[in-house]
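The structure under discussion appears below in the form of structure tokens.
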Amino acid sequence: MTDLVIIGGGPAGMSAAVAAYESGIRDILILERDSRLGGILQQCIHNGFGLHRFGEELTGPEYAWKYEKQVRDLGIPVKLNTMVLSVTPERTITATNEEEGIFTIEAKAIVLAMGCRERPRGALNIAGTRPAGIYSAGTAQKLVNRKGYMPGKSVVILGSGDIGLIMARRMTLEGAKVKAVCELMPYSGGLARNIEQCLNDFDIPLKLSHTVVEIHGRKRLEGVTIAKVDENRRPIQETREYIPCDTLLLSVGLIPENELSLQAGVEMDSVTGGALVDQDRQTSAEGIFSCGNVLHVHDLVDFVSEEAAIAGKCAADFIREGSGERCGASAQADIPAEISMETGIPITTDGKVRYTVPQRITKRKDFTLYFRVADRYRNVKINVVSDGKVIHSVRRPKAVPGEMENIRLKGELLEGVTGLRVELEELA
Numbered sequence: 005m006t007d008l009v010i011i012g013g014g015p016a017g018m019s020a021a022v023a024a025y026e027s028g029i030r031d032i033l034i035l036e037r038d039s040r041l042g043g044i045l046q047q048c049i050h051n052g053f054g055l056h057r058f059g060e061e062l063t064g065p066e067y068a069w070k071y072e073k074q075v076r077d078l079g080i081p082v083k084l085n086t087m088v089l090s091v092t093p094e095r096t097i098t099a100t101n102e103e104e105g106i107f108t109i110e111a112k113a114i115v116l117a118m119g120c121r122e123r124p125r126g127a128l129n130i131a132g133t134r135p136a137g138i139y140s141a142g143t144a145q146k147l148v149n150r151k152g153y154m155p156g157k158s159v160v161i162l163g164s165g166d167i168g169l170i171m172a173r174r175m176t177l178e179g180a181k182v183k184a185v186c187e188l189m190p191y192s193g194g195l196a197r198n199i200e201q202c203l204n205d206f207d208i209p210l211k212l213s214h215t216v217v218e219i220h221g222r223k224r225l226e227g228v229t230i231a232k233v234d235e236n237r238r239p240i241q242e243t244r245e246y247i248p249c250d251t252l253l254l255s256v257g258l259i260p261e262n263e264l265s266l267q268a269g270v271e272m273d274s275v276t277g278g279a280l281v282d283q284d285r286q287t288s289a290e291g292i293f294s295c296g297n298v299l300h301v302h303d304l305v306d307f308v309s310e311e312a313a314i315a316g317k318c319a320a321d322f323i324r325e326g327s328g329e330r331c332g333a334s335a336q337a338d339i340p341a342e343i344s345m346e347t348g349i350p351i352t353t354d355g356k357v358r359y360t361v362p363q364r365i366t367k368r369k370d371f372t373l374y375f376r377v378a379d380r381y382r383n384v385k386i387n388v389v390s391d392g393k394v395i396h397s398v399r400r401p402k403a404v405p406g407e408m409e410n411i412r413l414k415g416e417l418l419e420g421v422t423g424l425r426v427e428l429e430e431l432a
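In the working numbering, the protein residues as written are 5 to 432.
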């Protein structure tokens with residue numbers, strides 16, 4: 005029996021492990037399917053990481069190393085090249101690696117930190133042939149930054165997610181010609197700083213409300229046809245434009261890797277694609293916690309680490325209490341402990357706010373509420389409403405889908421509250 009097993013050795017998994025150790029748990033094991041710790045950060049060699057968490061600008065590998073060094077210094081055991089095959093609601097983990105074959109681990113608590121994967125071409129239904137030269141942006145990033153291979157010399161990028169924007173700059177620096185970044189929506193899905201630093205600084209055109217409608221070429225990609233889309237996101241035929249290129253990069257969204265979560269019987273959120281959690285990041289399966297990009301897709305790794313530290317600390321408290329009570333129970337046990345659709349304090353949104361994390365409150369204590377908006381807004385007020393009364397509000401000069409927002413709520417505001425609603429109010 006292992007006290008705490010963390011599935012995933014990226015920034016979320018390592019941060020959770022360090023937080024659990026600092027909370028007094030010593031029997032911790034990290035399972036990582038790659039050959040080393042760090043997760044996706046190993047291929048993110050650009051800077052911009054760590055400004056919130058460490059107060060300095062770091063590259064991805066530098067940020068990962070700061071946590072890896074803490075894991076090593078604390079002596080937290082790690083199994084690399086280890087693939088987790090299944091997780092049961094009773095917290096039994098089946099995994100495999102070269103040295104031990106297939107083995108099982110019984111855990112008192114589990115932290116799910118498996119990260120996310122890129123949406124593939126097959127999910128897009130783009131007409132045309134299936135030539136070489138079509139990559140997800142993350143695959144191209146790994147080829148260039150870790151393997152030293154150039155995918156091509158003439159590039160079109162579909163989607164303006166952060167990885168796509170960063171790869172537009174990276175491919176340009178490596179000598180390729182990025183002809184266009186096409187975005188289906190009327191706004192970019194990436195951070196404003198990436199649009200400025202990766203596109204505007206290199207005169208790379210960003211075509212909003214455009215998509216790829218046809219792929220040309222047999223053995224190798226020869227070009228793509230793009231078109232403007234209407235308000236229903238349907239291509240306008242008379243706007244079709246052919247762009248010759250040998251490489252198409254897809255940056256069309258990330259999907260949390262939740263196959264193991266589903267096996268464990270975890271209740272899922274249809275909007276985030278991740279688990280339904282409470283303020284401690286505990287899921288509907290008792291003793292199973294979720295954090296990082298497997299819970300919901302973040303734009304800053306600093307927030308991943310911050311959230312994972314909450315999961316690690318509360319998993320440690322769960323183990324120490326050993327009674328199934330939630331993190332920080334004590335005098336706040338008047339809210340039912342089980343997180344489900346029928347118990348606790350549910351958090352809903354008005355549509356302008358797409359989702360919140362957590363989705364339910366099971367303890368009256370201070371917590372940070374993360375959320376994303378559904379469209380671009382300027383000069384807004386975010387209201388937290390209970391029974392038609394605003395109990396907390398904050399103003400923001402702008403709110404965009406590509407940047408996650410957060411507000412801090414005091415536990416005292418939850419006294420007598422049976423439900424919360426997060427609403428966005430546009431100010432004049």
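Backbone N, C-alpha and C fix where the C-beta goes; we use that ideal spot for every residue, glycine too.
(1) From the DSSP output, which residues share a beta bridge with residue 93?
(2) Using beta-carbon positions only, say whether residue 267 and residue 90 come within less than 7 Å of one another.
(3) Can you tell me which residues form a DSSP beta bridge with residue 120?
(4) State the beta-bridge partners of residue 71 as determined by DSSP.
(5) Between 64, 400, 425, which has its C-alpha nearest residue 359's C-alpha?
(6) Based on the DSSP output, what are the partners of residue 99 in its beta bridges?
(7) Under three-state DSSP, which class holds residue 280?
(8) What is the DSSP secondary structure of residue 58, reduced to helix, strand or coil?
(9) Going by DSSP in three states, residue 81 sits in which element: helix, strand or coil?
(10) Is it buried or exposed for residue 56, if we count other Cβ within 10 angstroms and need 16 for buried?
(11) For residue 324, which option in 368, 16, 25 has the closest C-alpha, if you only look at C-alpha atoms?
(12) Nearest-angstrom Cα distance between residue 251 and residue 16?
(13) Rounded to the nearest angstrom, how far is the Cβ of residue 278 from that of residue 21, given a contact under 8 Å?
(14) With C-beta atoms as the reference, is residue 132 less than 7 Å away from residue 10?
(15) Taking the alpha-carbon positions, what's the residue 72 to residue 299 distance?
(16) May I ask you to list the residues that DSSP assigns as paired with residue 272?
(17) At 3 residues or longer, and completely inside the segment 154–202: list those beta strand (DSSP E) runs for me, N to C.
(18) With DSSP as the reference, identify every bridge partner of residue 428, one or two as the case may be.
(19) Rounded to whole angstroms, what's the CA-CA distance from residue 377 to residue 401? Just pull it up for me.
(20) Three or more C-beta pairs under 8 Å: does that hold for the segment 251–263 against the segment 122–142?
(21) Thinking just about the alpha-carbon of each residue, which of 307, 308, 427 is nearest to the one in residue 353?
(22) What is the rounded straight-line gap between the Cα of residue 41 and the Cα of residue 202?
(23) Assuming residue 273 and residue 363 form a contact by the criterion Cβ under 8 Å, report the distance between their Cβ atoms to the nearest whole angstrom.
(24) Taking only three categories from DSSP, how would you classify residue 404?
(25) Can you give me the C-alpha to C-alpha distance between residue 195 and residue 305, rounded to a whole angstrom?
(26) To the nearest angstrom, report how far apart residue 372 and residue 280 are at their CA atoms.
(27) Roughly how far, in whole angstroms, is the beta-carbon of residue 167 from the beta-carbon of residue 142, given that I think they are within contact range, below 8 Å?
(28) Give me the Cβ distance between residue 159 and residue 249, rounded to the nearest whole Å; I'm assuming they're in contact under 8 Å.
(29) Between residue 45 and residue 59, how many whole angstroms is the CB-CB distance? I'm expecting something under 8 Å.
(30) Suppose only complete runs of 3+ residues qualify. What are the beta strand (DSSP E) ranges in the segment 126–154, listed by chain order?
(31) With respect to the alpha helix (DSSP H) encompassing residue 39, which residues constitute its N-terminal and C-terminal limits?
(32) I'd like the list of long-range same chain contacts for residue 114, defined as Cβ closer than 6 Å, with 5 residues on each side in sequence excluded.
(33) For residue 229, list the residues DSSP reports as bridge partners.
(34) Is residue 15 near the ligand MN, with its Cβ less than 6 Å from a heavy atom?
(35) Taking the straight line between their C-alpha atoms, what separation do you get for residue 104 and residue 87?
(36) Please report how far the alpha carbon of residue 342 lies from the alpha carbon of residue 391, in whole angstroms.
With the structure as the only source:
(1) Residue 93 pairs with nothing; no bridge assigned.
(2) A Cβ-Cβ contact shorter than 7 Å links residue 267 with residue 90.
(3) Residue pairing for residue 120: DSSP places it in a beta bridge opposite 260.
(4) None; residue 71 has no bridge partner.
(5) Ranking 64, 400, 425 by Cα distance to residue 359 puts 425 first.
(6) 88, 107
(7) Judged by DSSP in its simplified three-state form, residue 280 adopts coil rather than helix or strand.
(8) coil
(9) The answer is coil: DSSP assigns residue 81 none of H, G, I, E or B.
(10) exposed
(11) 25
(12) 32 Å
(13) Residue 278 to residue 21, Cβ: 20 Å. No contact.
(14) The criterion of a C-beta distance shorter than 7 Å is not satisfied by residue 132 and residue 10.
(15) 22 Å
(16) Within the DSSP secondary-structure output, residue 272 pairs in a beta bridge with 279.
(17) 158–162, 181–187
(18) 386
(19) 14 Å
(20) yes
(21) When only C-alpha atoms are compared, the closest one is 427.
(22) When rounded, the distance between both Cα atoms is 28 Å.
(23) 6 Å
(24) Note: residue 404 maps to coil in three-state DSSP.
(25) 13 Å
(26) Using only the alpha carbons, I get a separation of about 16 Å.
(27) 6 Å
(28) 6 Å
(29) Contact between residue 45 and residue 59 is absent: CB atoms are separated by about 18 Å, not below the 8 Å threshold.
(30) 138–140
(31) No alpha helix (DSSP H) holds residue 39; DSSP gives it neither H nor E.
(32) 9, 95, 292
(33) DSSP lists 218, 246 as partners of residue 229.
(34) As for the ligand MN, it is missing from this structure, which has no ligand bound.
(35) 11 Å
(36) Because residue 342 carries a pLDDT of 45, less than 50, the predicted location of this residue cannot be relied on, and the following value inherits that uncertainty. Roughly 23 Å between the two C-alpha positions.
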